[in-house]
Amino acid sequence: MSTIVNLRQMRVDQRGIIKTVAAQGELGRRIRDMGLVPGTEVTVIGRAPLKDPVALRLKGFTLTLRNSEADFITVELPEDDLV
Amino acid sequence: MSEAIATIALAGNPNAGKTTLFNALTGSRQHVGNYPGITVEKKEGFVDMPSGTVRVIDLPGTYSMTAYSQEELVARDFLVKERPQGIINVIDATSLERNLYLTVQFLELGIPVTLALNMVDALESKGIRIDSDRLADLMRLPVVRTVARSGLGVREALQAALTHPRQSWEPLFISYGPDLDPVLGEMTKLISNAGFLADTYPPRWLALKFLENDLVVRQLFEADYELHRRLRDMADEVARHCEKTLKTQPEFLIADYRYGYISSILRQGVLTVMPDLQGRADLSDKIDAVLTHQVAGPAIMLAILYGLFSVTFTLGEIPMGWVETAFAWLAELAGKMPPGLTRSLIIDGIIAGVGGVLGFVPLILIMFLGITFLEDSGYMARMAYMLDRVFRIFGLHGSSVVPFIISGGIPGGCAVPGVMAARTLRSPKEKLATLLTAPFMACGAKVPVFILLAAAFFPEHGARVMFLITLAGWAAALVAAKMMRSTIIRGPSTPFVMELPPYRMPTAMGLVLHTWERGWQYIRKAGTVILAIAVLIWAMMTFPGLPQEIAAPYEAEMAGIQEQLQAETGEAARGELEASLAALERRLKEEALTHSLAGRLGQAIEPVTAWAGFDWRTNIALLGGIAAKEVIVSTLATAHSMSDAENTDFAARIAAAPGWNTSVAVSLMIFVLLYSPCFVTVVAIAREASWGWAAFSVVFNTAFAFALATATYQLGMSMGW
Ligand SMILES: Nc1nc2c(ncn2[C@@H]2O[C@H](COP(=O)(O)OP(=O)(O)OP(=O)(O)O)[C@@H](O)[C@H]2O)c(=O)[nH]1
Ligand SMILES: [Mg+2]
Chain A
315 MSTIVNLRQM
325 RVDQRGIIKT
335 VAAQGELGRR
345 IRDMGLVPGT
355 EVTVIGRAPL
365 KDPVALRLKG
375 FTLTLRNSEA
385 DFITVELPED
395 DLV
Chain B
-14 MSEAIATIAL
-4 AGNPNAGKTT
6 LFNALTGSRQ
16 HVGNYPGITV
26 EKKEGFVDMP
36 SGTVRVIDLP
46 GTYSMTAYSQ
56 EELVARDFLV
66 KERPQGIINV
76 IDATSLERNL
86 YLTVQFLELG
96 IPVTLALNMV
106 DALESKGIRI
116 DSDRLADLMR
126 LPVVRTVARS
136 GLGVREALQA
146 ALTHPRQSWE
156 PLFISYGPDL
166 DPVLGEMTKL
176 ISNAGFLADT
186 YPPRWLALKF
196 LENDLVVRQL
206 FEADYELHRR
216 LRDMADEVAR
226 HCEKTLKTQP
236 EFLIADYRYG
246 YISSILRQGV
256 LTVMPDLQGR
266 ADLSDKIDAV
276 LTHQVAGPAI
286 MLAILYGLFS
296 VTFTLGEIPM
306 GWVETAFAWL
316 AELAGKMPPG
326 LTRSLIIDGI
336 IAGVGGVLGF
346 VPLILIMFLG
356 ITFLEDSGYM
366 ARMAYMLDRV
376 FRIFGLHGSS
386 VVPFIISGGI
396 PGGCAVPGVM
406 AARTLRSPKE
416 KLATLLTAPF
426 MACGAKVPVF
436 ILLAAAFFPE
446 HGARVMFLIT
456 LAGWAAALVA
466 AKMMRSTIIR
476 GPSTPFVMEL
486 PPYRMPTAMG
496 LVLHTWERGW
506 QYIRKAGTVI
516 LAIAVLIWAM
526 MTFPGLPQEI
536 AAPYEAEMAG
546 IQEQLQAETG
556 EAARGELEAS
566 LAALERRLKE
576 EALTHSLAGR
586 LGQAIEPVTA
596 WAGFDWRTNI
606 ALLGGIAAKE
616 VIVSTLATAH
626 SMSDAENTDF
636 AARIAAAPGW
646 NTSVAVSLMI
656 FVLLYSPCFV
666 TVVAIAREAS
676 WGWAAFSVVF
686 NTAFAFALAT
696 ATYQLGMSMG
706 W
């Protein structure tokens, strides 16, 4: 069975598929404009020194988001991934 | 210039290389940088093609075509209002999928699009292969592979845009699924039956934007009350339906379908990611593992800033000496002129004012070279990323770091480009807080004041004083931002959804061009604004001249000494006479200054400025500094009746002058660092925000600076410094 976690909880180097994006309004729009839509594969590639923001790799580029923004996104981890 | 046969716009995502391509096509030198959002206004250029002259427009980069941000509106308005013959959609081929999201929106608007698949040179190392012919077939538009940086394919791209198979606007139709298609169809029919804005926007595009809650488009519809009401009811109805059945909103459903459309095209053999290379971490990630590391990251950032700082000052000193020598020589040459107003204007006004500024050009160039390197390499974006958490505490945004650094966060910057760089901030509130506080940084024009005072009062600790001043600038900016963001410019923080560009080796050409471009701005300012202000201040310090009855006794006494001097032959006696002549001359100058307009102004405000330890001479220099900080030192020197020849030991004189002590020096440094931005910056603030805010910055900064300077001075005096 696959696990669904919040993007904030993902570890560095962990990979997953975006399941839902709950952000509304301008944030929702910007997140989607940048390609964070359900079905997209994302890898967490790093966190800033104060743990926030987080850097993601998706569709061939690197995107940064604050944790408070990552909260709106849930990710499905592959089955072999142990949290 | 002959009439242009066509207008072609360059559009695409931020940092895709539009300006690089524009420069390669037109031979111009617009600012390029490895940071999303460098271009904020459209730029125009002309290219000669075999068929005639083509007008090319460089548009600001956008990720989408909504009306959320200024840049998107600039780009969108240009496209719909000016209706170019076509666009070259510049695409960063390494992130094709996201870039095509905007392409689809252009196509839905109906513009003939030519794709410039840019940065194809970077594909191989990323293990990506793109079949551009297949992409052209599937999307039914011309695709040209380009490397804008070396000019490869750029003219071909323009040629392709000119000979685009589709010469008229024709919107692309894509399906938005069973939930939206029916209502979209109905709305489109309503709009086209009403003939609403038929010659500007395709009806289906308007319907889509209506569903996407586009405020600008919704406002357009308010012109037709009945139509607006019906469309709104339909939109509300489908929104309720989506919420209930899919737990989403139409605008997000639309985004999902657009991405779906793109990936269905890419899957048909357009995009191949080589599996053997896929797992390999790319170079940028490896660099980031070090440069943004939890511990090493901030340490390296500080080291880079400090390194840049010391390189600027140690390297900058050498050519600075040359320029100073050159101007001293000029002053000496001018000194051979007969004494009088003209000589005084040239030496005390022009050479002291402009020469003082030009002396700093080498330092400024070195410092901008550093900043340009940080920006072009991609490191600036990492600084924004690492500092966001800290800046957010103060109500700013990670991206505020760029305007701060350019304004003088590393001493030597300039608040004018700094204020303009605040445009990369997307939220108006954070942008306002950033541009109001950026002038607190230790810009290049304030640096001479600090160097002078440090040399006079802390001769052993020049570098440390500069470093502390720099930190004080940052601290003041952050604190003031926090004050503003929790009072007059309250509001939630904007999202930090930002692209981190890959690290790129800056091109030597690019570095030289940008450094020169910024250095030139500075030199031009010296030759225009500063020159005018220096002359004005000189005039205010010279006129009105001393009335005859005050000047006469001095002149008589001086004439007497002159006569004695001619008669005297003994070495020692001559020396004495010369000294008293010089002393008299200085007293005469001082009388004249006291009497002048500037002198009176300085004295008028002395009762207040005395709280912070500033006497009337300092006041003159500070008043001049409101116009341009560059003139503070030269005005101070003139106010202490020193001609340029003596400038070298000016620091020593200041240190020994009555009324000066360490408390005054520290208080003055703080005041100069923080008080009113210079005229040019005020104009820049007015342009970016409003005249109201520009006036606010003059008053607020001066009050803030004065309060801090007074507190420092009073504290210092009570401690007996
Ligand atoms: N490797 C490579 N780099 C490129 C190419 N074209 C541009 N660049 C680099 O990409 C970065 C961004 O270029 P710009 O021309 O400023 O991009 P822009 O699209 O105008 O960006 P904004 O003005 O922010 O919208 C710069 O560092 C360029 O040197 C290319 O063909 N190959
Ligand atoms: Mg640009």
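These protein sequence lines are chains A and B, in that order.
Going by our numbering, the first sequence opens with residue 315, and the numbers climb by one from there.
Going by our numbering, the second sequence opens with residue -14, and the numbers climb by one from there.
Beta carbons: idealized from backbone N, C-alpha and C, even for Gly.
Proximity test, Cβ basis, 8 Å: residue i and chain B
| i | result |
| --- | --- |
| R329 (chain A) | no |
| E390 (chain A) | no |
| A332 (chain A) | Position check: residue 332 (chain A) holds Ile in this sequence, whereas Ala was assumed. Not one chain B Cβ lies under 8 Å of I332 (chain A). |
| R344 (chain A) | yes |
| L341 (chain A) | yes |
Residue i at chain A interface by Cβ criterion, 8 Å
| i | result |
| --- | --- |
| T257 (chain B) | no |
| D629 (chain B) | For D629 (chain B), the predicted model reports a pLDDT of 42, less than 50, meaning its position is unreliable; a value from the coordinates is still stated below. For D629 (chain B), the answer is no, since every Cβ of chain A falls outside 8 Å of its Cβ. |
| Q699 (chain B) | no |
| A240 (chain B) | yes |
| K28 (chain B) | no |
| Y161 (chain B) | no |
| R83 (chain B) | yes |
| I250 (chain B) | no |
| E236 (chain B) | yes |
| D116 (chain B) | no |
| M371 (chain B) | yes |
| K3 (chain B) | no |
| S80 (chain B) | yes |
| Y86 (chain B) | yes |
| R374 (chain B) | yes |
| K414 (chain B) | no |
| Y244 (chain B) | yes |
Where residue i falls: helix, strand or coil (DSSP)
| i | result |
| --- | --- |
| M702 (chain B) | helix |
| V75 (chain B) | strand |
| T257 (chain B) | strand |
| R672 (chain B) | helix |
| A679 (chain B) | helix |
| E236 (chain B) | helix |
| M104 (chain B) | coil |
| L(-5) (chain B) | strand |
| E553 (chain B) | coil |
| T388 (chain A) | strand |
| I518 (chain B) | helix |
Residue i CB to nearest heavy atom of ligand 2 below 7 Å
| i | result |
| --- | --- |
| D333 (chain B) | no |
| G46 (chain B) | yes |
| D43 (chain B) | yes |
| I23 (chain B) | yes |
| K27 (chain B) | no |
Ligand 1 heavy atom lying under 7 Å from the CB of residue i
| i | result |
| --- | --- |
| T99 (chain B) | no |
| R489 (chain B) | yes |
| G374 (chain A) | no |
| G30 (chain B) | no |
| D106 (chain B) | yes |
| V497 (chain B) | no |
| L411 (chain B) | Residue identity check: residue 411 (chain B) is Arg in the sequence provided, not Leu. Not under cutoff, so the answer is no. |
| A192 (chain B) | no |
| A133 (chain B) | yes |
Distance cut-off 7 Å: residue i Cβ against heavy atoms of ligand 3
| i | result |
| --- | --- |
| K3 (chain B) | No copy of ligand 3 occurs in the structure displayed; its ligands are ligand 1 and ligand 2 alone. |
Handout entry: Stretch pair the segment -6 to 9 of chain B + the segment 131 to 143 of chain B: three plus CB contacts closer than 8 Å
Key = yes
Problem - At least three beta-carbon pairs within less than 8 Å, the segment 45 to 60 of chain B to the segment 372 to 384 of chain A - result: no
Practice task
Would you list, in chain order, the members of the segment 276 to 299 of chain B that have their beta-carbon closer than 8 Å to a beta-carbon of chain A?
Solution key: T277, H278, Q279, V280, G282 and P283
Practice task
Residues of the segment 373 to 387 of chain A with a CB closer than 7 Å to any CB of chain B: list them in chain order, please.
Solution key: K373, G374, F375, T376, L377, T378, L379, R380 and E383
Handout entry: Members of the segment 348 to 365 of chain A near chain B, C-beta cut-off 9 Å
Key = M348, G349, L350, V351, P352, G353, T354, I359, G360, R361, A362, P363, L364 and K365
Handout entry: Segment contact flag, the segment 438 to 452 of chain B with the segment 461 to 474 of chain B, C-beta cutoff 8 Å, min 3 pairs
Key = no
Problem - Where the segment 464 to 494 of chain B meets chain A: residues whose CB sits under 9 Å from a CB there - result: S478, T479, P480, F481, V482, M483, E484, L485, P486 and P487
Practice task
Indicate whether the contact test is met: 3 or more Cβ pairs, each with one atom in the segment 594 to 602 of chain B and one in the segment 693 to 700 of chain B, closer than 8 Å.
Solution key: yes
Exercise for the section: Mind the definition here: the segment 443 to 461 of chain B touches the segment 292 to 299 of chain B only if three or more C-beta pairs lie below 8 Å; say whether that holds. Expected result: yes
Exercise for the section: Determine contact between the segment 430 to 437 of chain B and the segment 606 to 619 of chain B, defined as no fewer than three beta-carbon pairs at a distance below 8 Å. Expected result: yes
Problem - Inter-stretch contact (C-beta, 8 Å, three-pair minimum) for the segment 4 to 21 of chain B and the segment 361 to 372 of chain A - result: no
Practice task
Pull out every residue of the segment 48 to 69 of chain B whose Cβ sits closer than 8 Å to any Cβ of chain A, in chain order.
Solution key: Y48, S49, T51 and Y53
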